[in-house]
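The next block holds one structure in the form of structure tokens; read it before the comments.
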Amino acid sequence: MEKEQNPKFKILMFPWLAHGHIYPFLELAKRLSKKNFNMYLCSTPINLDSIKKNQSNYSSSIQLIELQIPESELPKELHTTKNLPPNLLPILLQIFQKSSSSFEDIINSLKPDLLIYDFFQPWAPKFALSKGIPSVNFATSGATPCSFYHHMYTKGTSSDFISQAIYILDQEKIDVRSRLQANLKDADEDFAFGNFRMSSEIILVKSCSEVEAKYIDYLSVLSKKRIVPTGPLIADSNDQEEHSYIVDWLNGKNHRSTVYISFGSEYFLSKEQIDEVAKGLEICDVNFIWIIRFPSNEKLINKENALSKGFIERVKDRGMVLFEWAPQMKILGHGSIGGFVSHCGCSSITESMYFGVPVIGMPMKSEQPLNARLMVEVGVGVEVVRERNGQYLGGEIAKAIDKAIVNKAFCERLRCRAKDLSEKIKEKEEQEMDEVAEQLMRLCMKNK
250 MEKEQNPKFK ILMFPWLAHG HIYPFLELAK RLSKKNFNMY LCSTPINLDS
300 IKKNQSNYSS SIQLIELQIP ESELPKELHT TKNLPPNLLP ILLQIFQKSS
350 SSFEDIINSL KPDLLIYDFF QPWAPKFALS KGIPSVNFAT SGATPCSFYH
400 HMYTKGTSSD FISQAIYILD QEKIDVRSRL QANLKDADED FAFGNFRMSS
450 EIILVKSCSE VEAKYIDYLS VLSKKRIVPT GPLIADSNDQ EEHSYIVDWL
500 NGKNHRSTVY ISFGSEYFLS KEQIDEVAKG LEICDVNFIW IIRFPSNEKL
550 INKENALSKG FIERVKDRGM VLFEWAPQMK ILGHGSIGGF VSHCGCSSIT
600 ESMYFGVPVI GMPMKSEQPL NARLMVEVGV GVEVVRERNG QYLGGEIAKA
650 IDKAIVNKAF CERLRCRAKD LSEKIKEKEE QEMDEVAEQL MRLCMKNK
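Numbering (the numbering used here), first residue to last: 250 to 697.
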């Protein structure tokens, strides 16, 4: 008689409405769907439509569930942070809190065995736990920022962190609590508005033990929970033919001779910042591919005037500038890429490490400065020096690029370490996901 398999448990994934949150949740769901779980991902229609349109991101093994947000001044196409004008972000956060009744209806109808939830909705685990459903927080920002800010919250700003390499400057300090608490429904007074405390026994963190082991361990001490790294959660490369011209262009460049420049899908450079990056690229004289994005309501206005007159002509033999989405992982995986000028969002630095590409850090906000310093600490990155007022200047951008791409002695050490770390991350990828599945299965079975 065949041994009866473990029952398939239902897991509901509930990320915040940001691209940098939804896609790690989606990638985790895709992997768990292969581990004897029925996966459900809940978000607004505009985000779900985006998932469905991109076949490399969509999997029929994951059921997509629409979260309904009450009517507001924000049109439905802006119920996402992608291309959202920055001034409208507080409004999106406020109306997201009003979706709690829709979420409660979903919980009551679906009756999941477990909820995996995000940072901006402490009301979600509270409701799930009231129904006897175990709930696990998934921190998509990595172990280093989480442990740093937990340390600051628990021990105070005058207490030394476990690593002197990880720090923030005065102009980088953020007061998340005062800025967000008034806009978060059911936020508690403890760290992360109660999200860590409410997490059932474990906390999932988008992290790799080869990169953040000591910060994973320290976060466990601070939170009094077991911290379970999910691994890199890298999506399958998108092979859309309409972007083949990018690969063709890269094919014409020498090995490790080109820098890729992108500041993510949700940060938009000012005209002054664009000018300084352009100055830096002209000074350092390397090949480059540069992605420039604008909020949805400014694309047509700014595209024509984004760059100073003559810049495109002056760099046409060694540079490509794009004002559209580009296949980032396909670019990072190309042999001609020798460095990634990045804002150092968690997904970007993870992808860069995964493909063995050194990071040239230009952090802009939130946890990004901590991520940039982590890259320096583990030996796979350099950080662009800022002015005292926090501004980046073209000369310093050029110096950092030259250090990572041109300075032979230094860049060879950087590349060697990046390659070694990439191999170690890939070696542990499946093992870390197996551990995630085992811990979630244990919670589901314990609740039965």
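Even glycine gets a Cβ: it sits at the ideal position worked out from N, Cα and C.
The model shown is predicted, which means the values in this text are computed figures rather than measured ones.
Note down, in chain order, each residue of its chain lying with its Cβ closer than 7 Å to the Cβ of residue i, except the 5 sequence neighbours on either side.
| i | result |
| --- | --- |
| F560 | A527 |
| D700 | Residue 700 is absent from the structure shown; the chain starts at 250 and stops at 697. |
| Y467 | S396 and I411 |
| L378 | S384 and M447 |
| M250 | Annotation note: pLDDT 35 at M250 (below 50); position unreliable, no value reported. |
| R601 | Residue identity differs from the one stated: residue 601 is Ser in this sequence, not Arg. Closer than 7 Å at Cβ, skipping near neighbours: L581, F589, S591 and V608. |
| L471 | S396, H399, H400 and T403 |
| K380 | I356 |
If you reduce the DSSP assignment to three classes, tell me which class residue i lands in.
| i | result |
| --- | --- |
| Q205 | Outside the shown range of the chain, which is 250 to 697, sits residue 205, and nothing can be said about it. |
| M694 | helix |
| K677 | helix |
| F589 | strand |
| G513 | coil |
| S407 | coil |
| A265 | Note that residue 265 is Trp in the sequence shown, not Ala. W265 falls in the coil class under three-state DSSP. |
| L571 | strand |
| N500 | helix |
| S396 | helix |
| M250 | Residue placement at M250 is flagged as unreliable, the pLDDT there being 35, under the threshold of 50; the coordinate-derived value follows with that caveat. M250 falls in the coil class under three-state DSSP. |
| R563 | helix |
| F274 | helix |
| L327 | helix |
| P481 | coil |
| K259 | strand |
| R505 | coil |
| L290 | strand |
| I723 | Nothing about residue 723 can be reported from this structure: the residues present for the chain run from 250 to 697 only. |
| I476 | strand |
| N296 | helix |
| A555 | coil |
Excluding sequence positions up to five away, which residues of its chain have a Cβ less than 6 Å from the Cβ of residue i?
| i | result |
| --- | --- |
| D362 | F258, K259 and C693 |
| M447 | P374 |
| E253 | Any reading at E253 must be qualified, since the residue scores a pLDDT of 44, below 50, and its modelled position is unreliable; no value is offered. |
| L571 | I540 |
| G193 | With the chain covering 250 to 697 only, the question about residue 193 has no answer from this structure. |
| A649 | I609, V631 and V633 |
| S390 | C595 and E616 |
| P319 | K347 |
| L530 | F537 |
| M288 | I260, A278, L281, S282 and I311 |
Can you check which of these residues, the options, is closest to residue i by C-alpha distance?
| i | options | result |
| --- | --- | --- |
| K474 | Q688, K697 and K695 | Q688 |
| D298 | L281, M288, T329 and K279 | T329 |
| C593 | V608, F604 and G587 | V608 |
| E672 | M624, S350 and F604 | F604 |
| L337 | Q617, E515 and A555 | E515 |
| K283 | S384, S348, V685 and K331 | V685 |
| G639 | Q420, L323, L359 and K558 | Q420 |
| K558 | I523, N303 and I451 | I523 |
| S310 | E276, L341 and K331 | E276 |
| R567 | I538, W574 and A575 | I538 |
| I712 | N656, Q413 and K360 | Because the chain spans 250 through 697 in this model, residue 712 falls outside it and cannot be assessed. |
| N554 | S519, D439 and V564 | S519 |
| H492 | A267, G644, E521 and Q577 | Q577 |
| R666 | V564, V606 and S407 | V606 |
Going by the beta-carbon positions, is the gap between residue i and residue j smaller than 7 Å?
| i | j | result |
| --- | --- | --- |
| F512 | F543 | no |
| E525 | Y641 | yes |
| I580 | Y494 | no |
| W265 | D367 | yes |
| I241 | V633 | Shown here, the chain extends from 250 to 697; a query on residue 241 therefore has no answer. |
| R622 | I415 | yes |
| G443 | C457 | no |
| P478 | V496 | no |
| A436 | P371 | yes |
| F263 | C291 | yes |
| I417 | P618 | yes |
| N503 | I452 | no |
| R280 | M682 | yes |
| L342 | L333 | no |
| I344 | S358 | no |
| V625 | L670 | no |
| L316 | S350 | no |
| G587 | R662 | no |
| I271 | N303 | no |
Suppose the cutoff is 8 Å on Cβ atoms and the five residues either side in sequence are ignored; what does the same chain contact list for residue i look like?
| i | result |
| --- | --- |
| N620 | G391, T393, P394, C593, G594, C595, I598, G610 and P612 |
| M569 | I495, W498, F537, I538 and W539 |
Worksheet item: Where in the region 413-463 do unbroken runs of the beta strand (DSSP E), each at least 3 residues long, occur, reported from the N-terminal end onward?
Response: 451-454
Discussion item. Suppose only complete runs of 4+ residues qualify. What are the alpha helix (DSSP H) ranges in the region 331-375, listed by chain order?
Written reply: 338-346 and 349-359
Practice prompt. Write down every uninterrupted run of the beta strand (DSSP E) in the region 605-662 whose length is 3 residues or greater and which is fully enclosed by it, in chain order.
Written response: 608-610 and 630-632
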